[in-house]
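In the working numbering, the protein residues as written are 188 to 616.
For glycine and all other residues, C-beta sits at the position ideal for the given N, C-alpha and C.
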Ligand code: AMP
Ligand code: GLY
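Now the structure itself:
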C-alpha cells in the first residue's frame with residue numbers, strides 16, 4: 188500500500204515509525220513531516236491546509252490510504268474532499284470532527300444520547316452568560332466553543348474570575364473560537380484518556396493513557412499541550428473501559444451514524460473519573476500528542492492494517508487490537524520559553540546514544556540546519572521507553588533523557604508520579 192501521512196509532530200513521528208513496520212506498506216510519504224519522520228518516509232512539501240495539493244499528490248502517486256494526524260485539517264473538511272475523490276482516509280469527515288471543533292456540539296450530542304458529562308449551557312452573548320453563571324456554583328468552567336489549541340478553557344475560582352473569562356472570550360482573546368462559549372459545572376476526580384477506533388457503528392477499544400498538562404514539576408506552571416504521558420492508565424481497568432465503551436463511546440458512534448454523519452478514525456475521550464462513574468470532559472478526533480507515542484510503543488498489531496480496515500468500515504470483523512503488557516512512558520523535552528515563545532535554533536545532539544539502550548526518541552519540533560539538528564518548535568523531542576512496570580519504564584526513559592545534549596531545552600523530572608504512587612500504595616496494601 189502507498190500511504191500519505193499528514194502532520195509534522197511527535198504524534199506523526201510515532202505513527203510513521205509504526206506504519207513503517209507494516210508488511211503491507213509499499214511506500215510511505217509524509218507531508219510536511221520532520222527530520223525524525225524522514226527516517227521512515229519520503230517528505231513532501233505540501234501543507235495539509237492545501238486540499239487541492241493533497242488531492243493532486245494522491246492522484247499522482249496512487250495513494251491507497253491517507254492518515255490525517257492533526258485536528259485542524261479534519262475540522263476543515265480535508266477528509267470529506269479526499270473521500271469525494273474516492274480515496275480511503277483515516278480520520279473523520281467535517282461534521283463528525285465537530286466533536287472536537289465545537290464543544291457545544293459535543294455537549295448537545297451528550298444530552299441527546301444520555302452520555303454522562305458535566306452540566307452545561309451554551310451562550311452567544313456575555314450578558315446572558317454572566318446572568319446564568321452563578322447557577323453552576325464555584326469553581327466554574329468557562330470554555331471557548333471552537334478550536335483554541337488547548338488554551339480555551341478557564342477554571343474560575345471566583346465569580347469575578349468567571350466574569351473576566353467571559354469578557355475575555357467574547358472580547359476576542361481566542362479569536363473566532365470564543366464567539367460562542369460553554370459554561371460547565373466543574374467535575375472532581377482523576378483525569379484519564381481513552382482511545383477507540385471507530386468506523387461508523389463499530390468501535391474497538393484502542394488503549395489508555397494519562398498525560399501531564401502543566402509545564403513544570405509537581406503539576407505547576409502554565410498549561411501545555413502535554414509534557415509527558417504513559418500508557419496504560421491503570422485507573423482505567425477492564426471494567427472501567429467496558430463502562431466507557433458502553434456509556435460514552437458507543438452511544439456517540441450510534442448517534443452520529445443515525446444522523447447520517449458517521450465517525451471514522453480514532454476517537455479520543457478525555458475522561459473525568461468521578462465518584463458517580465466516568466464522565467466525558469471532551470472529545471478529540473485524532474490521537475493525543477504525546478499519548479500516541481506511548482500507545483504506539485505498546486501496540487502489537489499492524490497499525491496500517493488497523494487504519495485501513497477502519498477506513499474501509501471493516502472493524503466489525505476484527506478482534507480488539509492487542510497491546511503489550513509493558514508500560515510505556517514518554518518525557519517531552521521542550522525549548523526554553525515554552526509554552527510561551529520557545530527559543531528556536533538550539534542545537535540537539537545525543538539521540539543515537541539515547542536510543543542505544545532501546546529507548547525511542549520521537550521528533551516533535553526539530554529541523555535541520557546544515558548537518559546540525561536544531562529545535563524548531565515548543566515541544567522538541569519525546570523520549571520514550573518501555574518497562575515491565577511504571578517504575579522501570581520511567582527509569583529507562585530518564586536514563587535516555589540524560590544522554591540527550593540540548594542546552595536550550597527543559598523537561599519535567601516527575602512524569603508518571605501519579606501512577607508510581609498508585610503502584611506503591613498497591614504494594615503496601
Ligand atoms: P478540555 O480542553 O475540554 O479538555 O479542557 C482542558 C482541561 O480543563 C481538562 O483537561 C480538565 O483538566 C479541565 N476541565 C475541562 N472541563 C472540565 C470540567 N467540566 N470539570 C473539571 N475540569 C474540567
Ligand atoms: N495531549 C493532549 C492532546 O493531544 O490533546
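task: Mind the definition here: the segment 499 to 519 touches the segment 379 to 394 only if three or more C-beta pairs lie below 8 Å; say whether that holds.
output: By the criterion of at least three beta-carbon pairs nearer than 8 Å, the segment 499 to 519 is in contact with the segment 379 to 394.
message: Under 8 Å: does the beta carbon of residue 469 sit that close to some heavy atom of ligand 1?
response: Here residue 469 refers to the residue found at position 282 of the chain shown. Correct: residue 469 has its Cβ closer than 8 Å to ligand 1.
- request: Report the three-state DSSP secondary structure of residue 318 (helix, strand or coil).
  value: As a working mapping, residue 318 is identified with position 131 in the chain shown. For residue 318, the secondary structure class from DSSP, reduced to helix, strand or coil, is helix.
query: Helix, strand or coil: which one does DSSP assign to residue 208?
result: As a position in the chain shown, residue 208 is number 21, starting the count at 1. Here residue 208 sits in coil by DSSP.
task: Sort 538, 566 and 573 by Cα distance to residue 559 and report the nearest one.
output: Reading the chain shown from its first residue, position 372 is the one you call residue 559. Per the Cα distances, 538.
query: Pick from 218, 235 and 338: whose alpha carbon is nearest that of residue 527?
result: The residue you call residue 527 lines up with position 340 of the chain shown. Comparing Cα-Cα distances from residue 527 to each of 218, 235 and 338, the minimum goes to 338.
field: residue 550: first and last residue of the uninterrupted beta strand (DSSP E) it sits in
entry: Looking up residue 550 in the chain shown gives position 363. Counting along the chain, residue 550 sits inside the beta strand (DSSP E) bounded by residues 547 to 550.
- prompt: If you measure from the CB of residue 290, is any heavy atom of ligand 2 nearer than 8 Å?
  reply: Locating residue 290 in the chain shown gives position 103, counting from the first residue. False, no ligand heavy atom lies under 8 Å from that Cβ.
message: Quick check on the DSSP output: the beta strand (DSSP E) that includes residue 628 runs from which residue to which?
response: An answer regarding residue 628 cannot be provided, because it is not within the stretch 188 to 616 covered by the chain.
- request: Note down, in chain order, each residue of its chain lying with its Cβ closer than 7 Å to the Cβ of residue 260, except the 5 sequence neighbours on either side.
  value: As a first step, residue 260 must be located in the chain shown, where it is residue number 73. Exclusion of the five residues before and after residue 260 leaves 193, 235 and 236 as the residues of its chain whose Cβ lies within less than 7 Å of its Cβ.
message: Just to confirm before moving on: does the CB-CB distance between residue 562 and residue 553 stay below 9 Å?
response: For the purposes of this step, residue 562 is taken as residue 375 along the chain shown, with counting starting at 1. For the purposes of this step, residue 553 is taken as residue 366 along the chain shown, with counting starting at 1. In this structure, residue 562 sits near residue 553, with a CB-CB distance shorter than 9 Å.
query: What span of residues does the beta strand (DSSP E) with residue 371 cover, start to end?
result: For this step, residue 371 is matched to residue 184 along the chain shown. Bounds of the beta strand (DSSP E) holding residue 371 are 368 to 372.
- prompt: Sorted by chain position, which residues of the same chain lie with C-beta nearer than 7 Å to residue 349's C-beta, five sequence neighbours on each side aside?
  reply: Here residue 349 is taken as the residue at index 162 of the chain shown, counted from 1. Excluding sequence neighbours, residue 349 sits near 320, 327, 329 and 343.
field: Option in 299, 243, 278 and 353 with minimal Cα separation from residue 439
entry: What you label residue 439 is simply residue 252 of the chain shown in a count that begins at 1. Checking every option, the nearest Cα to that of residue 439 belongs to 299.
message: Going by C-alpha to C-alpha distance, which of 418, 465, 404 and 445 sits closest to residue 432?
response: By one-based count along the chain shown, residue 432 stands at place 245. Per the Cα distances, 465.
message: Quick check on residue 414: does DSSP put it in helix, strand or coil?
response: As a working note, residue 414 is residue 227 in the chain shown. Looking at residue 414 - three-state DSSP - the assignment turns out to be coil, as it is neither helix nor strand.
- prompt: Do residue 477 and residue 514 have their C-beta atoms within less than 9 Å of each other?
  reply: By one-based count along the chain shown, residue 477 stands at place 290. By one-based count along the chain shown, residue 514 stands at place 327. For the pair residue 477 and residue 514, the CB atoms are not nearer than the 9 Å cut-off.
- prompt: Can residue 536 and residue 597 be called in contact, C-beta distance under 9 Å?
  reply: Reading the chain shown from its first residue, position 349 is the one you call residue 536. Reading the chain shown from its first residue, position 410 is the one you call residue 597. Their beta carbons are not under 9 Å apart, which means residue 536 does not touch residue 597 by this criterion.
- request: Quick one: give me the first and last residue of the beta strand (DSSP E) that residue 521 is part of.
  value: Translated into positions along the chain shown, residue 521 becomes position 334. Note, residue 521: beta strand (DSSP E), 514 to 522.
- request: With a threshold of 16 other CB atoms inside 10 Å of the CB of residue 258, please say whether the residue is buried or exposed.
  value: Locating residue 258 in the chain shown gives position 71, where the first residue counts as 1. Answer is buried; the Cβ neighbour count reaches 16.
For residue 611, the three-state DSSP class (helix, strand or coil): Position 424 of the chain shown holds residue 611. Three-state result, residue 611: helix.
- prompt: Quick one: does the C-beta of residue 219 sit closer than 8 Å to a heavy atom of ligand 2?
  reply: Sequence index remark: in the chain shown, residue 219 carries index 32 (1-based). For ligand 2, not one heavy atom lies less than 8 Å from the Cβ of residue 219.
Contained beta strand (DSSP E) runs [length at least 3] in the segment 442 to 513, N- to C-terminal order: The beta strand (DSSP E) runs of length 3 or more contained entirely in the segment 442 to 513 are, from start to end of the chain, 451 to 461 and 464 to 471.
field: Member of 549, 616 and 233 whose CA lies at the smallest distance from the CA of residue 587
entry: For this step, residue 587 is matched to residue 400 along the chain shown. Each of 549, 616 and 233 was checked against the Cα of residue 587, and the nearest Cα belongs to 549.
task: Please check the pair residue 422 and residue 377, which I expect to be a contact at CB under 8 Å, by giving their CB distance rounded to whole angstroms.
output: Here residue 422 corresponds to residue number 235 of the chain shown, with the count starting at 1. Here residue 377 corresponds to residue number 190 of the chain shown, with the count starting at 1. Yes, they are in contact, since the Cβ atoms of residue 422 and residue 377 sit about 6 Å apart, within 8 Å.
field: Spatially closest choice to residue 469 from 542, 380, 241 and 394, by CA coordinates
entry: Here residue 469 corresponds to residue number 282 of the chain shown, with the count starting at 1. For residue 469, the closest alpha carbon among the candidates 542, 380, 241 and 394 is that of 380.
task: Report yes if the CB atom of residue 602 is closer than 9 Å to the CB atom of residue 415, and no otherwise.
output: Along the chain shown, read from residue 1 onward, the residue named residue 602 stands at position 415. Along the chain shown, read from residue 1 onward, the residue named residue 415 stands at position 228. In contact: residue 602 and residue 415 (Cβ atoms closer than 9 Å).
query: How is residue 571 classed by DSSP in three states: helix, strand or coil?
result: Indexing the chain shown from 1 puts residue 571 at position 384. Here residue 571 sits in strand by DSSP.
query: Under the DSSP definition of a beta bridge, which residues are partnered with residue 598?
result: For the purposes of this step, residue 598 is taken as the residue at position 411 of the chain shown. DSSP, once it has assigned bridges, lists 520 as partnering residue 598.
- prompt: Which residues in the same chain as residue 452 place their Cβ atom closer than 6 Å to its Cβ, once the five residues preceding and following it in sequence are excluded?
  reply: Taking the first residue of the chain shown as position 1, residue 452 is located at position 265. So the qualifying residues of the chain are 277, 278 and 279.
- request: Using only alpha-carbon positions, find the residue among 304, 368 and 287 that is nearest to residue 313.
  value: Position 126 of the chain shown, counted from the start, is the residue given in the question as residue 313. Closest option to residue 313, Cα to Cα, is 368.
Inter-residue spacing [alpha-carbon to alpha-carbon] between residue 308 and residue 297: The residue you call residue 308 lines up with position 121 of the chain shown. The residue you call residue 297 lines up with position 110 of the chain shown. The straight-line gap from Cα to Cα measures roughly 12 Å.
message: Output needed for residue 419: all residues of its chain with C-beta closer than 8 Å, excluding positions within five of it in sequence on either side, in chain order.
response: Residue mapping note: residue 419 aligns to position 232 of the chain shown, counting from 1. Cβ within range, chain order: 394, 395, 396, 485, 510 and 514.
field: Cα-Cα separation between residue 291 and residue 556, rounded to whole angstroms
entry: For this step, residue 291 is matched to residue 104 along the chain shown. For this step, residue 556 is matched to residue 369 along the chain shown. Residue 291 and residue 556: Cα-Cα distance of roughly 43 Å.
message: Helix, strand or coil, according to DSSP, for residue 263 in the structure here?
response: Taking the chain shown and counting its residues from 1, the one referred to as residue 263 is at position 76. The answer is coil: DSSP assigns residue 263 none of H, G, I, E or B.
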